[in-house]
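Residue numbers (our numbering): 319 to 817.
Scroll down for the structure; my scribbles are underneath it.
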Amino acid sequence: METRDIFQNISPLDHRYSVSERPLFEALSSWLSEEASIAACVKAEIALVNAHLSLRGKALTAELRDTLRAAGDRVDPAEVYAEEDKTRHNIRALVNVLKKKVPAEFAPLVHLGATSADILDTSLACRMKGCCLKAALPALVRLELLLCAFVEREAETPQAGRTHGQHAVPITVGFAFAEYVSRLGKSILEIKRLAGQLRGKLAGAVGAYNAASMIVSDPEELERLYLAELGLEASEHSTQLVEPEYLLRLLLEYNTAFGIIANLADDLRNLQRTEIGELREGFAADQVGSSTMPQKRNPWNSEHVKSLWKAFMPRVVSFYMDQISEHQRDLSNSASQRFIADYTAGFCLAVSRMTAVIKDLGADRERCLANLRGGAGGIPGGILAEPAYILLAESGVSDAHEIIRKITLKAEGEKTSFAEALASEPAVLRAIGGQLSKLGLLSGEAGPAETRDGPDSAGPPEETALWWFEKPERYNGLSVKKARGLAEKYKKLMEELNV
Numbered sequence: 319m320e321t322r323d324i325f326q327n328i329s330p331l332d333h334r335y336s337v338s339e340r341p342l343f344e345a346l347s348s349w350l351s352e353e354a355s356i357a358a359c360v361k362a363e364i365a366l367v368n369a370h371l372s373l374r375g376k377a378l379t380a381e382l383r384d385t386l387r388a389a390g391d392r393v394d395p396a397e398v399y400a401e402e403d404k405t406r407h408n409i410r411a412l413v414n415v416l417k418k419k420v421p422a423e424f425a426p427l428v429h430l431g432a433t434s435a436d437i438l439d440t441s442l443a444c445r446m447k448g449c450c451l452k453a454a455l456p457a458l459v460r461l462e463l464l465l466c467a468f469v470e471r472e473a474e475t476p477q478a479g480r481t482h483g484q485h486a487v488p489i490t491v492g493f494a495f496a497e498y499v500s501r502l503g504k505s506i507l508e509i510k511r512l513a514g515q516l517r518g519k520l521a522g523a524v525g526a527y528n529a530a531s532m533i534v535s536d537p538e539e540l541e542r543l544y545l546a547e548l549g550l551e552a553s554e555h556s557t558q559l560v561e562p563e564y565l566l567r568l569l570l571e572y573n574t575a576f577g578i579i580a581n582l583a584d585d586l587r588n589l590q591r592t593e594i595g596e597l598r599e600g601f602a603a604d605q606v607g608s609s610t611m612p613q614k615r616n617p618w619n620s621e622h623v624k625s626l627w628k629a630f631m632p633r634v635v636s637f638y639m640d641q642i643s644e645h646q647r648d649l650s651n652s653a654s655q656r657f658i659a660d661y662t663a664g665f666c667l668a669v670s671r672m673t674a675v676i677k678d679l680g681a682d683r684e685r686c687l688a689n690l691r692g693g694a695g696g697i698p699g700g701i702l703a704e705p706a707y708i709l710l711a712e713s714g715v716s717d718a719h720e721i722i723r724k725i726t727l728k729a730e731g732e733k734t735s736f737a738e739a740l741a742s743e744p745a746v747l748r749a750i751g752g753q754l755s756k757l758g759l760l761s762g763e764a765g766p767a768e769t770r771d772g773p774d775s776a777g778p779p780e781e782t783a784l785w786w787f788e789k790p791e792r793y794n795g796l797s798v799k800k801a802r803g804l805a806e807k808y809k810k811l812m813e814e815l816n817v
C-alpha cells in the first residue's frame with residue numbers, strides 16, 4: 319500500500335489534528351477513514367452471505383462465521399483500489415476482490431440480490447452509528463460532565479448578568495454555565511436517540527425488491543436477516559437509496575450541538591477580555607501567548623472552537639442538498655456524501671478542544687464581584703435599579719419605573735452610587751424598605767449562604783434598606799437553585815447514557 323508522510327496531506331484533519339489530537343483522531347479514523355469505509359462494505363457483504371445461508375438452512379456455526387469474517391479481514395483496500403482502476407466501479411471492485419477471499423462454495427452468494435446502495439448506504443449507517451456511540455457521544459458526555467462540575471463549583475459565585483453586552487441584573491457564574499449544561503445536555507440525548515434510528519436496506523436497484531424476489535420467497539425477511547447481522551433495521555421505504563432523513567437528522571443535531579459549543583466559546587472568549595477578566599483558560603508553564611508580546615495569555619482555545627464551527631457549520635447546506643435524488647436515484651450525492659466524515663471529525667475535534675478548555679477553566683471570583691459591584695451604566699450599584707422599581711411598584715406606586723429611572727439619572731449626574739441617590743429620596747426608600755421587610759430580606763435569613771449576614775443593626779426600614787442595596791450579589795433570584803438543579807439533573811442523565 320502507498321504510504322505518505324502526514325505532513326504531505328492536504329487536509330489539516332490529517333496532519334495538524336492527527337498529531338495534536340491523536341487519541342481522538344485514532345478513534346475517529348477507525349470509523350471514518352477510507353480503510354474503515356471499505357472494511358464496513360466488506361462487513362456488509364459478509365452479512366449478506368450469512369443472511370443467504372440462514373435462509374437456505376445452513377447452520378451458521380461460530381466456525382463458519384469466523385471463516386467468513388477472516389476472509390473479509392484479508393481484503394486489502396489497496397487491492398480494491400487496484401481493481402477499481404479496471405472496473406471503474408468501487409463496489410464491483412470490492413465484490414471481485416472479496417469473491418477471491420471467501421471459500422469457493424460461498425463466492426456466488428457475495429452481493430447476490432444487492433445493488434451498490436444496499437451496501438453503501440447500509441455500511442454508512444453502520445459507520446455513523448458506531449462513530450457516534452464510540453467516539454462522538456463519549457466526547458460529548460465528557461464535556462457535559464465537566465460543565466456540570468464547573469456549574470456545581472461556581473453555583474454561588476456572584477456575576478453580573480449581561481444583555482446587549484451591558485450589565486443587566488445579578489446572576490452567578492454557575493447559573494450562566496447551567497445554560498450550556500441544559501442546552502448541550504438535551505442535544506446529547508437527541509444525538510443518542512437519532513443514532514439509534516439510522517437505517518439500512520436490501521431492497522435492490524429501485525427499492526422494490528425485484529432482484530431478491532428472484533432468489534427468495536420473502537425478500538423482506540432476507541433484508542431483515544441481513545440488517546440484523548449489522549445491528550440495523552430497514553428503511554421504511556427505499557428507492558435505490560435509504561431515505562436520507564435518518565442520517566440528515568443526526569447530522570443536523572450534531573450541528574445543533576456544534577452551535578451550542580461555539581456559543582459557549584464566544585462567551586468564554588468575551589469573559590476573558592482584559593477589561594472583564596472574570597474567567598481564564600488554563601495556560602501551561604511553557605506556553606507562549608504572542609510571538610512578540612511576552613505578557614499575552616490569549617483565549618486561543620475558545621477562539622479555535624469558534625473557528626472550527628465557522629469552517630464546518632456551512633456543510634449543513636450540502637447535507638440538505640443530499641436529500642434530493644432524481645426519481646429512484648442519481649449520483650449527485652456520491653462525492654458530497656464522502657465529506658460527512660470530515661464534518662463529523664471537525665465537530666468531534668471542536669468538542670475535544672472545548673473539553674480541554676473547561677477542564678482547566680478558572681473563575682476569578684474577586685474580579686466577578688468587583689465587576690458586579692462596580693456599576694451598571696456608569697452607576698455603582700446601578701444594577702439594583704430593577705428590584706428598587708419592583709419593590710416600589712409592589713408598595714402601590716404606579717409610576718415606580720419612572721421614579722427609579724430619575725434616581726439613576728441623578729446618581730449618574732452627581733457621580734454617586736445608586737444607594738446614595740436612593741438615600742436622598744426618604745419616601746421612596748421607606749416604601750422599598752417596607753417591602754424588603756415583608757419579604758424577610760432584612761432579617762439576614764433569606765438568600766444564599768454568602769448573603770445571609772443581615773444588617774449591622776436593626777432600625778427603620780428606610781435605614782436598613784440601604785444595607786441591602788450595598789451588595790448587588792444579594793439579588794440573584796433562583797440562580798443558585800437553578801444552577802445546582804440542572805447540574806445534578808444532567809450529571810445523572812449522562813451517567814445513565816453509559817457510553
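Cβ coordinates follow ideal geometry from the N, Cα and C atoms, glycine included.
| To the nearest angstrom, how far is it from the Cα of serine 775 to the Cα of glycine 492? | As a position in the sequence shown, residue 775 is number 457, starting the count at 1. As a position in the sequence shown, residue 492 is number 174, starting the count at 1. Bear in mind that a pLDDT of 49 at serine 775, under 50, signals an unreliable position, so the number given afterwards is only what the model happens to contain. If you draw a straight line from the Cα of serine 775 to the Cα of glycine 492, it comes to about 32 Å.
| Is the region 547 to 561 touching the region 511 to 525 in the sense that three or more CB pairs, one from each, lie closer than 8 Å? | Enough Cβ pairs lie closer than 8 Å, so yes.
| query | Quick one, are the C-beta atoms of leucine 709 and isoleucine 750 less than 8 Å apart? | reply | The residue labelled residue 709 in the question sits at position 391 within the sequence shown. The residue labelled residue 750 in the question sits at position 432 within the sequence shown. In this structure, isoleucine 750 lies closer than 8 Å to leucine 709 by Cβ.
| task | Determine, using beta-carbon pairs with one atom in the region 620 to 636 and one in the region 650 to 664, whether at least three such pairs fall under 8 Å. | result | Between the region 620 to 636 and the region 650 to 664 there are three or more inter-stretch CB-CB distances shorter than 8 Å, so the stretches are counted as touching.
| query | Quick one: is methionine 532 buried, meaning 16 or more other Cβ sit within 10 Å of its Cβ, or exposed? | reply | If you number the sequence shown from 1, residue 532 lands on position 214. Burial check for methionine 532: the Cβ neighbour count within 10 Å stays below 16, so the residue is exposed.
| request: Write down the C-beta distance between glycine 878 and leucine 597 rounded to the nearest angstrom, noting that I regard them as a contact closer than 8 Å. | output: The displayed coordinates of the chain run from 319 to 817. Any statement about residue 878 would go beyond what the structure contains.
| message | Closest to valine 432 by C-alpha separation, out of Arg471, Cys444, Thr405 and Val524, would be which residue? | response | Your numbering for residue 432 matches position 114 in the sequence shown. The sequence as given places alanine at residue 432; valine does not occur at that position. The shortest C-alpha separation from alanine 432 is found at Val524.
| threonine 475 burial status per 10 Å Cβ neighbour count (16 or more: buried) | Counted from its first residue, the sequence shown places residue 475 at position 157. Buried, because 16 or more other Cβ atoms sit within 10 Å of the Cβ of threonine 475.
| request: Report buried or exposed for asparagine 408, applying the criterion of at least 16 other Cβ atoms within 10 angstroms of its Cβ. | output: Walking along the sequence shown from the start, residue 408 turns up at place 90. Flag for asparagine 408 reads buried.
| Run through DSSP, which three-state label would leucine 550 get? | As a first step, residue 550 must be located in the sequence shown, where it is residue number 232. Shown here, leucine 550 sits in coil according to DSSP, grouped into three states, outside any helix or strand.
| query | Which whole-angstrom value is the C-beta distance of proline 537 and tyrosine 527, which I expect to be below 8 Å? | reply | In the sequence shown, counting from the first residue as 1, residue 537 sits at position 219. In the sequence shown, counting from the first residue as 1, residue 527 sits at position 209. Tyrosine 527 and proline 537 do touch by the CB rule: their CB atoms are close to 4 Å apart, below 8 Å.
| message | Using a 10 Å radius around the Cβ and a threshold of 16 neighbouring Cβ atoms, would you call leucine 427 buried or exposed? | response | Locating residue 427 in the sequence shown gives position 109, counting from the first residue. Leucine 427 is buried by the Cβ-count criterion.
| request: Whole angstroms is fine: what's the gap from leucine 463's alpha carbon to leucine 796's? | output: Within the sequence shown, the letter at position 145 stands for residue 463. Within the sequence shown, the letter at position 478 stands for residue 796. Inter-residue distance for leucine 463 and leucine 796 is about 22 Å (C-alpha atoms, whole angstroms).
| field | Short Cβ contact (8 Å threshold) for isoleucine 489 with alanine 575 | value | One-based indexing of the sequence shown puts residue 489 at position 171. One-based indexing of the sequence shown puts residue 575 at position 257. Not closer than 8 Å, so no.
| field | Rounded straight-line distance, which links the Cα of aspartate 648 to that of histidine 429 | value | Taking the first residue of the sequence shown as position 1, residue 429 is located at position 111. Taking the first residue of the sequence shown as position 1, residue 648 is located at position 330. C-alpha separation (whole angstroms): 21 Å.
| query | In three-state terms, what does DSSP make of isoleucine 579? | reply | Your numbering for residue 579 matches position 261 in the sequence shown. Isoleucine 579 falls in the helix class under three-state DSSP.
| Same chain, Cβ closer than 8 Å to alanine 767, five either side skipped, listed in chain order | By one-based count along the sequence shown, residue 767 stands at place 449. For alanine 767, the pLDDT reaches just 45, beneath the cut-off of 50, and the residue's location in the model is therefore unreliable, leaving the point undetermined.
| field | Residue interval of the beta strand (DSSP E) (run including glutamine 753) | value | Taking the first residue of the sequence shown as 1, we reach residue 753 at position 435. Segment 744 to 756 is the alpha helix (DSSP H) holding glutamine 753; no beta strand (DSSP E) there.
| request: Give the single residue among Ser735, Ala369 and Ala703 whose Cα lies nearest to the Cα of leucine 540. | output: Numbered from its first residue, the sequence shown carries residue 540 at position 222. The alpha carbon of leucine 540 has as its nearest neighbour, out of Ser735, Ala369 and Ala703, the alpha carbon of Ala369.
| query | Are the region 356 to 363 and the region 451 to 470 touching by the rule of at least three beta carbon pairs closer than 8 Å? | reply | Touching, no.
| said: Applying the 10 Å Cβ sphere with the 16-neighbour rule, what's the burial state of arginine 770? | reply: The residue labelled residue 770 in the question sits at position 452 within the sequence shown. With a pLDDT of 47 at arginine 770, under the threshold of 50, the modelled position of this residue cannot be trusted; read the value that follows with caution. Here arginine 770 is exposed. Its C-beta has fewer than 16 other C-beta atoms within 10 Å.
| said: Our contact map puts glutamate 621 next to arginine 587 with C-beta atoms below 8 Å; I'd like the distance itself, whole angstroms only. | reply: For this step, residue 621 is matched to residue 303 along the sequence shown. For this step, residue 587 is matched to residue 269 along the sequence shown. Right, the Cβ-Cβ distance comes to about 6 Å (below 8 Å), so this counts as a contact.
| said: Suppose you measure from the CA of histidine 485 to the CA of aspartate 585; what does that come to, to the nearest Å? | reply: Taking the sequence shown and counting its residues from 1, the one referred to as residue 485 is at position 167. Taking the sequence shown and counting its residues from 1, the one referred to as residue 585 is at position 267. Looking at the two C-alpha atoms, the distance is approximately 14 Å.
| Exposed or buried, proline 421, counting other C-beta atoms within 10 Å across all chains shown (16 or more means buried)? | As a working note, residue 421 is residue 103 in the sequence shown. By the neighbour-count definition (other C-beta atoms within 10 Å, threshold 16), proline 421 is an exposed residue.
| Using the beta-carbon count (16 or more within 10 Å), is valine 635 buried or exposed? | Along the sequence shown, read from residue 1 onward, the residue named residue 635 stands at position 317. Flag for valine 635 reads exposed.
| request: Reducing DSSP to helix, strand and coil, say where serine 643 ends up. | output: If you number the sequence shown from 1, residue 643 lands on position 325. Looking at serine 643 - three-state DSSP - the assignment turns out to be coil, as it is neither helix nor strand.
| request: State yes or no: is the C-beta of arginine 460 within less than 8 Å of the C-beta of leucine 512? | output: Locating residue 460 in the sequence shown gives position 142, where the first residue counts as 1. Locating residue 512 in the sequence shown gives position 194, where the first residue counts as 1. One thing to note: arginine 460 has its Cβ no nearer than 8 Å to the Cβ of leucine 512.
| alpha helix (DSSP H) segment containing arginine 334, residue limits | Residue mapping note: residue 334 aligns to position 16 of the sequence shown, counting from 1. Where arginine 334 is concerned, the enclosing alpha helix (DSSP H) stretches over 334 to 338.
| task | Tell me whether leucine 740 is buried or exposed, calling it buried when 16 or more other Cβ atoms sit within 10 Å of its Cβ. | result | Position 422 of the sequence shown, counting from 1, holds the residue named residue 740. Counting of Cβ neighbours within 10 angstroms places leucine 740 among the buried residues, the total reaching 16 or more.
| message | Alpha carbons only, please: which of Ala345, Arg387, Ile356 and Leu350 is nearest the one belonging to alanine 365? | response | Looking up residue 365 in the sequence shown gives position 47. Closest by alpha carbon: Arg387.
| query | If you scan the region 700 to 724 from start to end, which runs of the alpha helix (DSSP H) of 4 or more residues do you find wholly inside it? | reply | Those alpha helix (DSSP H) runs which fall completely within the region 700 to 724 and span 4+ residues are 703 to 712.
| request: Confirm, please, whether the CB-CB distance from lysine 417 to arginine 392 is below 8 Å. | output: On the sequence shown, position 74 is the one that residue 392 refers to. On the sequence shown, position 99 is the one that residue 417 refers to. The answer is no: Cβ separation not under 8 Å.
| message | Closer than 7 Å to a non-hydrogen atom of the ligand ADP - does that hold for the CB of arginine 683? | response | For the ligand ADP, the structure offers nothing, since it holds no ligand at all.
| said: Below 8 Å, how does it come out for the region 344 to 351 and the region 437 to 454: are there three or more Cβ pairs, yes or no? | reply: With a cut-off of 8 Å, the region 437 to 454 and the region 344 to 351 count as touching, because enough Cβ pairs lie within range.
| request: Can you say whether glutamine 641 is buried or exposed, counting buried as having 16 or more other CB atoms within 10 angstroms of its CB? | output: Mapped onto the sequence shown, residue 641 falls at position 323. Under this definition glutamine 641 is an exposed residue.
| Measuring CB to CB, does methionine 639 end up less than 8 Å from serine 654? | Taking the sequence shown and counting its residues from 1, one reaches residue 639 at position 321. Taking the sequence shown and counting its residues from 1, one reaches residue 654 at position 336. Yes, they are a contact pair.
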